[in-house]
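Here this note's numbering is used: position 7 in the sequence shown is 22, and no number is missing along the way.
For each residue, glycine too, the CB sits at the ideal point set by N, CA and C.
Presented below is the structure to which this report refers.
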Amino acid sequence: MPSKKYRKFKINKNNGKTRTVYSVNNKYKVRLKALMPGLEKRLLEQDSSGVNYAFERGKNCVEGALKHVGYKYTLSMDLLDFFDSVTKEHVSGLIDDEVLDLCLIDDAPKQGLPTSPLIATIALLKCDEIILNEIKDAAYTRYADDLTFSFNNRSYHLEIQSRVTSIVESFGFKINTHKTRLQNYKNGRIIINGVGVDKDGVHPTRKILKKIRAAEHQKNKTSLVGLREWSKCKLPKKRKSL
Numbered sequence: 016m017p018s019k020k021y022r023k024f025k026i027n028k029n030n031g032k033t034r035t036v037y038s039v040n041n042k043y044k045v046r047l048k049a050l051m052p053g054l055e056k057r058l059l060e061q062d063s064s065g066v067n068y069a070f071e072r073g074k075n076c077v078e079g080a081l082k083h084v085g086y087k088y089t090l091s092m093d094l095l096d097f098f099d100s101v102t103k104e105h106v107s108g109l110i111d112d113e114v115l116d117l118c119l120i121d122d123a124p125k126q127g128l129p130t131s132p133l134i135a136t137i138a139l140l141k142c143d144e145i146i147l148n149e150i151k152d153a154a155y156t157r158y159a160d161d162l163t164f165s166f167n168n169r170s171y172h173l174e175i176q177s178r179v180t181s182i183v184e185s186f187g188f189k190i191n192t193h194k195t196r197l198q199n200y201k202n203g204r205i206i207i208n209g210v211g212v213d214k215d216g217v218h219p220t221r222k223i224l225k226k227i228r229a230a231e232h233q234k235n236k237t238s239l240v241g242l243r244e245w246s247k248c249k250l251p252k253k254r255k256s257l
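Here's what the structure looks like:
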């Protein structure tokens with residue numbers, strides 16, 4: 016891909032490091048967006064496990080969080096440098112080569128390209144299948160690079176961490192151990208992808224409610240509308256056929 020079709024820039028991360036983001040020009044962005052319906056179709060065709068709740072029409076993080084209602088413990092694991100860890104090899108045979116040639120930069124779905132989330136999600140589908148087969152006594156869902164497991168036996172989290180780490184590493188990915196987190200429902204609502212979960216269902220988090228109060232105080236109508244809509248924890252609309 017000629018460099019004139021995109022530019023690179025760095026943004027600061029919360030941990031003090033930087034992330035490289037790619038911005039394509041308008042003409043190329045139109046070409047990439049035209050490929051997205053086909054990539055969505057491939058994702059639906061290839062997703063046999065059903066654990067993914069990101070970047071799929073008819074799914075969202077609220078629906079994924081509902082899968083964890085009623086459990087005592089939740090383990091959250093995060094993939095390190097997810098987009099940059101995906102290679103052409105991960106999706107060869109799953110996505111046509113001519114599509115990949117248009118969507119990959121240096122053989123990876125770089126952050127900032129509209130097609131990258133779908134390609135990265137497809138790259139993890141086989142990994143999802145193996146995790147689902149290996150982890151029998153827990154609910155498992157994934158939202159982009161966030162892997163979430165819920166279970167009732169506290170000691171099981173050590174086995175999950177060990178098995179999942181081994182599985183993702185066999186695919187060339189790594190777990191960001193700094194973001195691994197075990198939550199206990201006795202300590203309050205469990206937070207999964209920004210959604211509060213307890214034995215009764217899903218709820219807006221305290222963080223969202225605090226933002227709503229701040230937006231009300233600041234009379235920020237645009238922000239307030241979005242926050243109130245998010246706080247409703249709505250399930251996604253029924254998916255239409257592509």
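| Query | Result |
| --- | --- |
| CA nearest to the CA of Leu95, picked from Lys20, Gly187, Ser246 | Gly187 |
| Rounded Cβ spacing between Thr102 and Ala123 (contact assumed at less than 8 Å) | 6 Å |
| Where the alpha helix (DSSP H) through Ile134 begins and ends | 131–138 |
| Inter-residue spacing [alpha-carbon to alpha-carbon] between Leu147 and Val210 | 22 Å |
| Coarse secondary structure for Lys23, derived from DSSP in three states | strand |
| Cβ-based burial, Thr35 [other Cβ within 10 Å; buried from 16] | exposed |
| N-terminal and C-terminal residue of the alpha helix (DSSP H) that Leu115 is part of | 112–118 |
| Three-state secondary structure assigned by DSSP to Thr33 | strand |
| Closest Cα partner of Ile182 within the set Arg169, Lys201, Arg196, Ile145 | Ile145 |
| Any 3 or more C-beta pairs closer than 8 Å across the region 28–47 and the region 200–216 | no |
| Cβ-based burial, Leu250 [other Cβ within 10 Å; buried from 16] | exposed |
| Backbone CA spacing between His83 and Ile175 [nearest angstrom] | 16 Å |
| Within the region 156–210, ranges of the alpha helix (DSSP H) (whole runs, at least 4 residues) | 171–185 |
| Neighbour-count burial assignment, Asp161, 16 or more Cβ in a 10 Å radius | buried |
| 8 Å Cβ cutoff met for Tyr200 and Lys87 | yes |
| Span separating the alpha-carbon of Leu224 from that of Thr89 | 23 Å |
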